[in-house]
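Chemist: Mind having a look at this structure? Questions to follow.
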Amino acid sequence: MGVRLLGRYSVVPRDLFRMSAGSLTRLRDKSLRPGAPSWDVMTIDGKVQPLGMTSDWAQWCIFATEYENSAIPGTTLPEDLILIHERGEHYSLQASREMTLDELNSEVTSFLNDKAIRMTKEEWHAKFPTRTD
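What follows is the structure, encoded as structure tokens:
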């Protein structure tokens, strides 16, 4: 039985935050880390698969902390990315077409570097001192 997802967006619907240790995205492939407790995506034959509105497994991004990137509501995503609302407050930026992990890393990195606002932890806490919901 598939997992029911809450939404699929090509335009950022609200303030979203990505915690990162740097400006490059380096997602971890489950197929290269058998038995690993944490991973970001699962490839099939070396390709990241687009995630639809239902799925037997979910891909998600787990990030470290140092910088926070805030995606601005109303920002249109590049054609090769889609934003998935998975559950509660959890959204993930996904491939909208089949692509390699390197391509996905490059797409996410470019989008965040070009369209998101980058802040230090201190700047982020000053701008968002309380929950945004």
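So in full-length UniProt numbering, the last spot in the sequence shown is 133, and the numbers never skip. Even glycine gets a Cβ: it sits at the ideal position worked out from N, Cα and C. If you're wondering where the values come from, they're calculated on a predicted model, not measured in any experiment.
Could you check whether the segment 75–89 touches the segment 5–20, counting it as contact only if at least three pairs of C-beta atoms, one from each stretch, sit closer than 8 Å?
Modeler: Enough Cβ pairs lie closer than 8 Å, so yes.
Chemist: Would you say P50 and S10 are within 8 Å of each other, going by their C-beta atoms?
Modeler: If you number the sequence shown from 1, residue 50 lands on position 50. If you number the sequence shown from 1, residue 10 lands on position 10. Not in contact: P50 and S10 (Cβ atoms no closer than 8 Å).
Chemist: Excluding the 5 residues flanking F128 on each side, which residues of the same chain have their C-beta closer than 6 Å to its C-beta?
Modeler: Translated into positions along the sequence shown, residue 128 becomes position 128. So the list is empty, once near-sequence residues are dropped.
Chemist: Give me the Cα-Cα distance between D45 and E98, rounded to the nearest whole angstrom.
Modeler: The residue labelled residue 45 in the question sits at position 45 within the sequence shown. The residue labelled residue 98 in the question sits at position 98 within the sequence shown. Cα to Cα, D45 sits roughly 11 Å from E98.
Chemist: Can you tell me which of the three DSSP states S106 falls into?
Modeler: Counting from 1 along the sequence shown, the entry for residue 106 is found at position 106. DSSP places S106 in helix when its eight states are reduced to three.
Chemist: Measuring straight from C-alpha to C-alpha, what distance separates T54 and K47?
Modeler: Walking along the sequence shown from the start, residue 54 turns up at place 54. Walking along the sequence shown from the start, residue 47 turns up at place 47. In this predicted model, T54 has a pLDDT of only 39, less than 50, meaning its place in the structure is not dependable; the value taken from the coordinates is given anyway. Looking at the two C-alpha atoms, the distance is approximately 19 Å.
Chemist: Around the Cβ of A116, are there at least 16 other Cβ atoms within 10 angstroms (buried) or fewer (exposed)?
Modeler: If you number the sequence shown from 1, residue 116 lands on position 116. Looking at its Cβ environment, which holds 16 or more other Cβ atoms inside 10 Å, A116 is buried.
Chemist: Return the first residue and the last residue of the alpha helix (DSSP H) that A95 is part of.
Modeler: Position 95 of the sequence shown, counted from the start, is the residue given in the question as residue 95. Careful: A95 lies outside any alpha helix (DSSP H), inside the beta strand (DSSP E) at H90 to A95.
Chemist: Measure how close the beta-carbons of D29 and V41 come, nearest whole angstrom, since I'm counting them as under 8 Å.
Modeler: If you number the sequence shown from 1, residue 29 lands on position 29. If you number the sequence shown from 1, residue 41 lands on position 41. So it is a contact: roughly 6 Å between Cβ atoms.
Chemist: Alpha carbon to alpha carbon, how far is E89 from R18? Give it in angstroms, no decimals.
Modeler: Here residue 18 corresponds to residue number 18 of the sequence shown, with the count starting at 1. Here residue 89 corresponds to residue number 89 of the sequence shown, with the count starting at 1. The alpha-carbon atoms of R18 and E89 are separated by roughly 12 Å.
Chemist: Pick helix, strand or coil for K127, following the three-state DSSP scheme.
Modeler: In the sequence shown, the residue the question calls residue 127 occupies position 127. Note: K127 maps to helix in three-state DSSP.
Chemist: Which residue marks the beginning of the beta strand (DSSP E) containing M119, and which one marks its end?
Modeler: Translated into the one-based positions of the sequence shown, residue 119 becomes position 119. Segment I117 to T120, the beta strand (DSSP E) holding M119.
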